[in-house]
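In mature numbering (1 follows the signal peptide of the UniProt record, and there is no 0), the protein residues as written are -25 to -1, 1 to 79. In what follows, a single structure is set out as structure tokens and then discussed.
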Amino acid sequence: MRVTDIRFICAVVLVTLCVSSSIVCRSVTSSPFLKDPFYGISPQDENYYSTSSDTIKCKDGSKKFTKTQLNDDFCDCSDGTDEPGTSACPNGKFYCRNAGHAPL
């Protein structure tokens, strides 16, 4: 095998890897869950989070946080109010909508 053949094969492999990784990255970043502001919030609590104000109060009353801090993967409220869609808070709760399931 000639050096030019090996270089060509390496170039093809490199291009294939780059294209594959960009497809994977694009599919992860285009996930609908990342854009849903109410990700992990139960239907009963959606009104609590959809206030017209830019700030939301922690349910335990300890602090306030902005809507940009909602699900930002940093625990601002000790009760987990600001992280319903992440595991940032140790005692947070996550709601998962299951087909055919009605909340109690």
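Glycine residues also receive a C-beta, built at the ideal position from the N, C-alpha and C atoms.
### Message
Considering Cα atoms alone, identify which of Ala74, Ala77, Gly75, Thr56 is closest to Lys68.
### Response
For the purposes of this step, residue 68 is taken as residue 93 along the sequence shown, with counting starting at 1. The candidate whose alpha carbon is nearest that of Lys68 is Thr56.
### Query
Exposed or buried, what is Asp71 when buried is set at 16 or more other beta-carbons lying within 10 Å of its beta-carbon?
Walking along the sequence shown from the start, residue 71 turns up at place 96. Going by the sequence as given, residue 71 is Cys instead of Asp. When all chains shown are included, Cys71 counts as exposed.
### Task
Report yes if the C-beta distance between Asn46 and Thr61 is below 7 angstroms; otherwise report no.
Taking the sequence shown and counting its residues from 1, the one referred to as residue 46 is at position 71. Taking the sequence shown and counting its residues from 1, the one referred to as residue 61 is at position 86. It is a contact, given that the beta carbons lie within the stated cut-off.
### Message
Here's a check: name, in chain order, each residue in its chain whose Cβ is nearer than 7 angstroms to the Cβ of Ala63, leaving out the five neighbours to either side.
### Response
Indexing the sequence shown from 1 puts residue 63 at position 88. Short of 7 angstroms from the beta carbon of Ala63, and not among the five residues preceding or following it, lie these beta carbons of its own chain, in chain order: Asp48, Phe49, Cys50.
### Task
Apply the 10 Å Cβ neighbour rule to Glu21 and answer buried if 16 or more other Cβ atoms are within range, or exposed otherwise.
As a working note, residue 21 is residue 46 in the sequence shown. Around the C-beta of Glu21, fewer than 16 other C-beta atoms lie within 10 Å, and the residue is accordingly described as exposed.
### Message
Check this for me: beta carbons of Lys42 and Asp29, under 7 angstroms apart or not?
### Response
Looking up residue 42 in the sequence shown gives position 67. Looking up residue 29 in the sequence shown gives position 54. Their beta carbons are under 7 angstroms apart, which means Lys42 touches Asp29 by this criterion.
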